[in-house]
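See structure below.
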Amino acid sequence: MKYGLQFRDVFAAWESILDGVWITLFLSACAMLGGLVIGVACAAGRVYGPPLIRRLVVAYVEIIRNTPLLVQLFLIFFGLPSFGVRLDGLTAAIIALVINLGAYTTEIVRAGLEAVPKAQIEAGHSLGLSGLQVFRYIVMYPSLKAMFPALASQFVLLMLATSVVSQISVEDLFHAASIVQSRTFRDFEVYTVIGVLYLGLAFAFRGLFAVIYRVAFVQR
437 MKYGLQFRDV FAAWESILDG VWITLFLSAC AMLGGLVIGV ACAAGRVYGP PLIRRLVVAY
497 VEIIRNTPLL VQLFLIFFGL PSFGVRLDGL TAAIIALVIN LGAYTTEIVR AGLEAVPKAQ
557 IEAGHSLGLS GLQVFRYIVM YPSLKAMFPA LASQFVLLML ATSVVSQISV EDLFHAASIV
617 QSRTFRDFEV YTVIGVLYLG LAFAFRGLFA VIYRVAFVQR
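The working numbering numbers the first residue of the sequence shown as 437 and each following residue consecutively.
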């Protein structure tokens, strides 16, 4: 029996798919912002903090990086209600993605911070700069330039990983695809279109980050 490709029914559901794209973009933006803040704070604590802070950061990073994102998501969404904490799907998804990305970002930022020569930091202090000024102008800026490509790649991977939130019924792009598939039974067509959309989003993110890098670091 020959299988005839039929994309018409898939394209007819473009509104649902577009809504899923917007949810995916929203989740990605929230996770990137929150993950970057956590990553910078934890990396600074790992490099410059007291021993207790360093151990806590190491524990956080190792636990998150060595457990599946889906397990972390389920613990937040299904596990926390056991302790009286109930979150809606979107909130649970954002928290899980932020925590997950924060761990990976911590290691990227840590490597960047440790790459700054100590002589430059000492020179900044000798010029009368405050600790915050030294961190901002001498440590953070050159570090960010060095680690930006790795951060950009991690952010793209995070965007693709948002598809797991469909498991708790968050109406992202993958969830929209599952709904369309259940209505049309055009499995190949649905997931081909969704795959192309994820590919397009990934290239769009990479292009955006390339522009940001040129504006922030190359043209200055």
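No residue lacks a Cβ here, since even glycine has one placed at the ideal position from N, Cα and C.
Exposed or buried, which one is residue i when buried takes at least 16 other CB atoms within 10 Å?
i	result
residue 639	exposed
residue 524	exposed
residue 521	exposed
residue 571	buried
residue 482	buried
residue 560	buried
residue 519	exposed
residue 631	exposed
residue 612	buried
residue 463	buried
Please state the DSSP three-state secondary structure of residue i.
i	result
residue 508	helix
residue 607	coil
residue 651	helix
residue 442	coil
residue 565	coil
residue 494	helix
residue 620	helix
residue 455	helix
residue 523	coil
residue 598	helix
residue 503	coil
Give me the Cα-Cα distance between residue i and residue j, rounded to the nearest whole angstrom.
i	j	result
residue 565	residue 576	14 Å
residue 509	residue 562	47 Å
residue 546	residue 480	7 Å
residue 441	residue 623	10 Å
residue 511	residue 530	13 Å
residue 501	residue 476	17 Å
residue 614	residue 494	38 Å
residue 584	residue 634	22 Å
residue 452	residue 605	14 Å
residue 642	residue 514	34 Å
residue 637	residue 646	14 Å
residue 607	residue 532	16 Å
residue 550	residue 610	38 Å
residue 659	residue 516	The question about residue 659 has no answer here: the residues shown for the chain are numbered 437 through 656.
residue 653	residue 578	9 Å
residue 446	residue 553	55 Å
At least three beta-carbon pairs within less than 8 Å, the region 583-594 to the region 532-548: Touching, yes.
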